[in-house]
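So in full-length UniProt numbering, the last one in the sequence shown is 237, and the numbering has no gaps at all. Shown next, in structure tokens, is the structure this report addresses.
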Amino acid sequence: MTLTSDILEGLNPEQKEAVESIDGPLLIIAGPGSGKTRVITHRIAHLVRDYGVSPYRILSMTFTNKAAREMRDRLERLVGPRSESLTVGTFHSFCARFLRREGEPVGLSSSFSIYDADDQLSLIKRSLQMADLDPKQNPPQAIRSVISRAKSVMMDSRGLSQHGQSYFEEVSARVYHHYEELLSRNNAVDFDDLLMKSVQLLQEQLAVREKYQQRYQYLMVDEFQDTNVAQYRLAGL
Ligand SMILES: Nc1ncnc2c1ncn2[C@@H]1O[C@H](COP(=O)(O)OP(=O)(O)OP(=O)(O)O)[C@@H](O)[C@H]1O
Ligand SMILES: [Mg+2]
Numbered sequence: 001m002t003l004t005s006d007i008l009e010g011l012n013p014e015q016k017e018a019v020e021s022i023d024g025p026l027l028i029i030a031g032p033g034s035g036k037t038r039v040i041t042h043r044i045a046h047l048v049r050d051y052g053v054s055p056y057r058i059l060s061m062t063f064t065n066k067a068a069r070e071m072r073d074r075l076e077r078l079v080g081p082r083s084e085s086l087t088v089g090t091f092h093s094f095c096a097r098f099l100r101r102e103g104e105p106v107g108l109s110s111s112f113s114i115y116d117a118d119d120q121l122s123l124i125k126r127s128l129q130m131a132d133l134d135p136k137q138n139p140p141q142a143i144r145s146v147i148s149r150a151k152s153v154m155m156d157s158r159g160l161s162q163h164g165q166s167y168f169e170e171v172s173a174r175v176y177h178h179y180e181e182l183l184s185r186n187n188a189v190d191f192d193d194l195l196m197k198s199v200q201l202l203q204e205q206l207a208v209r210e211k212y213q214q215r216y217q218y219l220m221v222d223e224f225q226d227t228n229v230a231q232y233r234l235a236g237l
């Protein structure tokens, strides 16, 4: 495509190169404030305006709500009304929408609730009771971080009980087991589940994976330095 496209103006040579590499998923790793979001938004504009790519085929994910809002605002300015057909959002918002639509094979009905930090803690307290464990000796907050870390590497309670590397992780695995059960009984997921279950679903269900691979021919991820294993796998699928 021509170097005179106005979308390429106002970019430094490295940014220009990234914007112009139009094939395949793009992963931008660069320091804060160095122009990552600028590269991604200009690349999307370049695809839509100069290459005639349908906005419907583009998925752009960010880590924070703030970054997603910023991305959306900048795209509205660069692409205009067609930006409404782009899929732009956080990893978590994308996964929530995805699971409401496709979550049945991983045991989720479309009306599941998403539990916040407080909901999680009360569920962990109940799980401690069920496991006959003392919350004073096993602080719920600490157990929650162990569970969250396990989920971020796609590990369920069985995995944690097998691979636990300390007494506390072993105890946490017992709590995690009840916690999983309570979530499922309440038709609920926590924040980490949104990612973990999306990855699991895409790995296990070929037809679903193919459907989304076919729809989203262009994938962009902003703020990749914050990305955990579950997010990284999701982007790779
Ligand atoms: N080539 C450039 N010429 C002029 N201004 C630029 C250029 N690249 C980026 N900027 C400006 O620098 C600021 C930071 O850019 P941007 O938000 O894209 O960076 P970022 O790496 O996404 O930052 P953050 O780490 O905060 O998300 C913005 O105001 C942007 O408009
Ligand atoms: Mg940014």
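A virtual CB, placed ideally from N, CA and C, is assigned to each residue, including glycine.
Check whether residue i and residue j have beta carbons under 8 Å apart
| i | j | result |
| --- | --- | --- |
| Leu201 | Val88 | no |
| Asp190 | Gln120 | yes |
| Asp192 | Thr62 | no |
| Leu182 | Glu169 | no |
| Gln217 | Arg97 | no |
| Leu195 | Cys95 | yes |
| Ile29 | Val39 | no |
| Ile147 | Ser109 | no |
| Lys16 | Leu26 | no |
| His46 | Val79 | no |
| Thr37 | Arg74 | yes |
| His178 | Ala117 | no |
Closest by C-alpha distance to residue i, when choosing among the options
| i | options | result |
| --- | --- | --- |
| Ser145 | Gln15, Glu181, Tyr216 and Tyr176 | Tyr176 |
| Asp156 | Arg233, Leu123 and Lys197 | Lys197 |
| Pro237 | Tyr218, Gln217, Asp222 and Arg209 | Rather than Pro, the amino acid found at residue 237 in this sequence is Leu. Ranking Tyr218, Gln217, Asp222 and Arg209 by Cα distance to Leu237 puts Arg209 first. |
| Lys211 | His178, Val19, Glu102 and Ser148 | Glu102 |
| Arg72 | Asp190, Thr41 and Ser110 | Thr41 |
| Arg77 | Ser60, Ala207 and Ile44 | Ile44 |
| Leu219 | Gln205, Gln15, Val53 and Arg49 | Val53 |
| Thr64 | Ser93, Ser21, Pro140 and His178 | Ser93 |
| Ala67 | Thr90, Asp50 and Ala30 | Thr90 |
| Leu234 | Glu20, Ser34 and Leu59 | Leu59 |
| Ser83 | Ser110, Cys95 and Pro55 | Pro55 |
| Ala188 | Leu11, Ser113 and Arg38 | Ser113 |
| Lys126 | His46, Ala150 and Glu180 | The sequence as given places Arg at residue 126; Lys does not occur at that position. When each option's Cα is compared against that of Arg126, the closest is Glu180. |
| Gln129 | Gln162, Arg174 and Arg100 | Arg174 |
| Val48 | Ile22, Gly31, Ala207 and Arg69 | Ile22 |
| Gln231 | Ser184, Ser152 and Ser166 | Ser152 |
| Gln141 | Ala150, Ser122, Ala131 and Met154 | Ser122 |
| Ser166 | Ile143, Ile124 and Arg185 | Ile143 |
| Ser34 | Glu14, Asp50, Gly24 and Leu86 | Glu14 |
| Arg149 | Ser184, Leu86, Leu99 and Gly164 | Gly164 |
Span of the alpha helix (DSSP H) around residue i
| i | result |
| --- | --- |
| Leu123 | Ala117 to Met130 |
| Ile7 | Here Ile7 belongs to no alpha helix (DSSP H), and DSSP marks it neither H nor E. |
| Gly80 | Taken as a continuous stretch (DSSP letters only), Gly80 belongs to no alpha helix (DSSP H), as it is neither H nor E. |
| residue 238 | What is shown of the chain runs 1 to 237, which leaves residue 238 out entirely. |
| Val39 | Lys36 to Ala45 |
| Val19 | Pro13 to Glu20 |
| Phe98 | Phe91 to Glu102 |
Residue range of the unbroken beta strand (DSSP E) whose run includes residue i
| i | result |
| --- | --- |
| Ser60 | Ile58 to Thr62 |
| Val221 | Tyr218 to Val221 |
Practice item. Could you pull out every unbroken beta strand (DSSP E) segment of at least 3 residues lying fully inside the region 147-199, listed in chain order? Key: 188-190
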